[in-house]
Each structure stands twice: as structure tokens, then as C-alpha cells.
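Below: the structure, in C-alpha cells.
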Amino acid sequence: AQRVTQPEKLLSVFKGAPVELKCNYSYSGSPELFWYVQYSRQRLQLLLRHISRESIKGFTADLNKGETSFHLKKPFAQEEDSAMYYCALSGSGNTGKLIFGQGTTLQVKP
Amino acid sequence: DSGVTQTPKHLITATGQRVTLRCSPRSGDLSVYWYQQSLDQGLQFLIQYYNGEERAKGNILERFSAQQFPDLHSELNLSSLELGDSALYFCASSPGLVSYEQYFGPGTRLTVT
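This is how it looks when you write it as C-alpha cells:
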């Protein structure tokens, strides 16, 4: 079964501290993994995807197929990073459907 | 606004009723997706349409149905509503059938009393 697990509902850190939002997935094929973010009073939007291997707003995520993980990391958290973060998986096949994790609220304290 | 639009923003209705949620995709996008977000289930994929045709189905109840019209807007119909159907319903769109970035609408909050 396709599943995405984000074990933390809430992650609270101080400004300048490192951040790691955990994501584990279950999928038998080769998935595409994404991180979506929802800032307060804004729409859900794509933050980054594993195939592009890019860094967006200082965030990076590496797909670890051995551990079936796609953790989101940032070395120094900023207050504007406070938001809800969703890890998502898109499987093979001719559809674009996304399987989302439960989401993690990141709270960056001053 | 050239982004995804959804109407209405809020909907309050009683159990047993039927409602229709509407979504207009971004200009040029052919795929429309519907997701349900509830406190206990999180964000769940319901259904995808591409250029008028159903392309993927998730855990969508039989009481729910959707369609995509020739102008590419989509409607999600929810019938015989139950308290548990109260949720935020999101629509998203993307250019192609398999697109790595989906553009989300603001959502419709449905409250069933």
C-alpha cells in the first residue's frame, strides 16, 4: 500500500536552530517525493521535489531509498519558516495523484 | 486571479442534504484533482480528471461524484451528507496528466450539522 508517514504533528525550534522534518514512505515501486508547504492564510504550494535536487528557501531533502525516507532539512531556521509542511508521494502510473502525510506544523520561535 | 478558484468558501448544511462544490483550474491546466482534508484523515486524494475524463480515483465514497466540463471547470457533488463529511475540500490543477507540481485552490469548508 502507498503510505506517507510524518511522525511529528508539531516541531518547535528556536530561530537559528537546525530543522529536520521527518517523512517516511511505503511504496513498492519508484516513487516521486515532494514537500508541500502551507503558510498562514496562504494556499498549499510546492516547496521542493526530489527529482530536481534543488534547495528552496534554504531547505533540502534527500531521498533515501534504503530507509524509505525523505526528510526535509534546513541548517538555520527562520521565523518565516513557520508553517504546515506536508510530505507527498506520487506513484507510477498514468496519474498525478498525490498521497500526503498527515503534516507537521513547524513553529520557529524568536 | 489566474489561479485555482473554488466556490463557495464556506458551506453549512444539514445531514441528508446534497451540495455541489465548484472548481475552476488555472488557465491552460487540463488536470483537476479533488482532495479532502479532515482532522482525523489528513489530506486525502479523492479523484482526478484530465481533459474531461476521469483518470484516477482514491478513497472517494459512492455518495460523492465529480465531473469536469468542456470548459475544464469541475464540480464535486456530495450527497446524503453525514456529519463525518465535514471537512475542507481542496481542488488542485496541473498542466498535464502526470504533473509534478499541483496548484491548489483556497478550499471549501463544508460543515454538516
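As they're listed, the protein sequences go chains A and B.
The opening residue of the first sequence carries number 2 in our numbering; numbering runs sequentially from there.
The opening residue of the second sequence carries number 67 in our numbering; numbering runs sequentially from there.
Here a beta-carbon is modelled for each residue, glycine too, at the ideal position from N, C-alpha and C.
At a cut-off of 8 Å between beta carbons, A/Leu99 contacts chain B. With distances taken between CA atoms, B/Leu96 lies nearest to B/Ser159 out of B/Ser159, B/Ala153, B/Thr86. Taking the Cα positions, B/Leu147 is about 17 Å away from B/Pro74. If you compare the alpha carbons of A/Ser27, A/Glu81, A/Phe101, A/His72 with that of A/Tyr87, the shortest gap goes to A/Phe101. At a cut-off of 8 Å between beta-carbon atoms, B/Gln134 makes no contact with chain A. Neighbours of A/Thr69 across chain B, judged by C-beta separation under 7 Å, do not exist; the nearest C-beta is about 19 Å away.
When the five nearest sequence neighbours on each side are left out, the beta carbons in the same chain lying within less than 6 Å of the beta carbon of B/Arg129 are those of Ser145, Ser146, in order along the chain. According to the DSSP secondary-structure assignment, B/Glu119 is paired through a beta bridge with B/Tyr116.
B/Ser90 and A/Val5 have their alpha carbons spaced roughly 28 Å apart. Considering only beta carbons, the part of the stretch 147-174 of chain B lying closer than 9 Å to chain A consists of Phe156, Ala158, Ser160, Gly162, Leu163, Val164, Ser165, Tyr166, Glu167, Gln168, Tyr169, Phe170, Gly171, Pro172, Gly173, in chain order.
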